[in-house]
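The opening residue of the sequence shown carries number 1 in our numbering; numbering runs sequentially from there.
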Amino acid sequence: MVKINGTDYDISGQTLARYLATTGYDCKRAAVELSVAMPLSWLPLISDYTREAEKPTKATAVSVIVYGVVSCWMYVIGMGATIFTGTSDIAQIMVKAGLGIAALLIIVLSTVTTTFLDAYSTGVSSETISKKINGKCIAVGTAVIGTIGAIFFPITDITDFLYLIGSVFAPMIAIQIADYYFLKQECSDHSVNWTNL
1 MVKINGTDYD ISGQTLARYL ATTGYDCKRA AVELSVAMPL SWLPLISDYT
51 REAEKPTKAT AVSVIVYGVV SCWMYVIGMG ATIFTGTSDI AQIMVKAGLG
101 IAALLIIVLS TVTTTFLDAY STGVSSETIS KKINGKCIAV GTAVIGTIGA
151 IFFPITDITD FLYLIGSVFA PMIAIQIADY YFLKQECSDH SVNWTNL
């Protein structure tokens, strides 16, 4: 039993079971997989920003630590809100908390900032392929294509997309770690490592 605002919540029985298990699939396993996919997909993105820092290794380390702490805090808030409200639907949680307009602003601003980071990263990554590519144009083009895609192909459940991200970034990070730390292969003089692709 957990006491929140004077009310007892049974998180050891049916309430917890409802959120941790679904028919035919282990929800705990999915939660761990998606929780691992998020930081793995974030690591290449943050390097586009820390590469220009005076001390890039230190900037990356601080970014990783802050990202880890904030992500864990986000998971705790989400789990607590789900247990407290009895629903895992973020829209209903926000409405029950009385955050109608504020919730909409949070969602819009977080989506815009995240999309900017992704579009910029696409531009920076494309510049590594060829010096002739204009990263800013690629970033704007990516944002336009993404906006058009979101308008014509709305996605209400992004779980499958998150699994796709995990299936790409987990092997990519494993190859990078093995290539650099264990095989000791330095390929920074190549614009593209075709073997790894």
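Here a beta-carbon is modelled for each residue, glycine too, at the ideal position from N, C-alpha and C.
If you count every other CB in all the chains shown that lies within 10 Å of the CB of residue i, and 16 or more means buried, which is it?
i: residue 182; result: exposed
i: residue 122; result: buried
Alpha carbon to alpha carbon, how far is residue i from residue j?
i: residue 186; j: residue 128; result: 16 angstroms
i: residue 178; j: residue 160; result: 27 angstroms
i: residue 138; j: residue 111; result: 19 angstroms
i: residue 44; j: residue 115; result: 15 angstroms
i: residue 84; j: residue 96; result: 10 angstroms
i: residue 88; j: residue 94; result: 11 angstroms
i: residue 66; j: residue 48; result: 17 angstroms
i: residue 134; j: residue 126; result: 8 angstroms
i: residue 194; j: residue 184; result: 17 angstroms
i: residue 78; j: residue 130; result: 42 angstroms
i: residue 124; j: residue 46; result: 11 angstroms
i: residue 106; j: residue 153; result: 23 angstroms
i: residue 189; j: residue 140; result: 28 angstroms
i: residue 171; j: residue 136; result: 28 angstroms
i: residue 55; j: residue 109; result: 30 angstroms
i: residue 101; j: residue 92; result: 13 angstroms
i: residue 176; j: residue 98; result: 45 angstroms
i: residue 151; j: residue 144; result: 11 angstroms
i: residue 104; j: residue 180; result: 43 angstroms
i: residue 156; j: residue 57; result: 38 angstroms
Hey, residue i and residue j: beta-carbon distance below 8 angstroms or not?
i: residue 142; j: residue 174; result: no
i: residue 169; j: residue 34; result: no
i: residue 146; j: residue 37; result: no
i: residue 82; j: residue 63; result: no
i: residue 53; j: residue 61; result: no
Where do the ends of the alpha helix (DSSP H) carrying residue i lie?
i: residue 167; result: 159 to 177
i: residue 118; result: 100 to 129
i: residue 135; result: 135 to 152
i: residue 156; result: Unbroken run through residue 156: none, as it is neither H nor E.
i: residue 182; result: Where residue 182 is concerned, there is no enclosing alpha helix (DSSP H), given that its DSSP letter is neither H nor E.
i: residue 71; result: 56 to 85
i: residue 198; result: Missing from the structure shown is residue 198; the chain here goes from 1 to 197 and no further.
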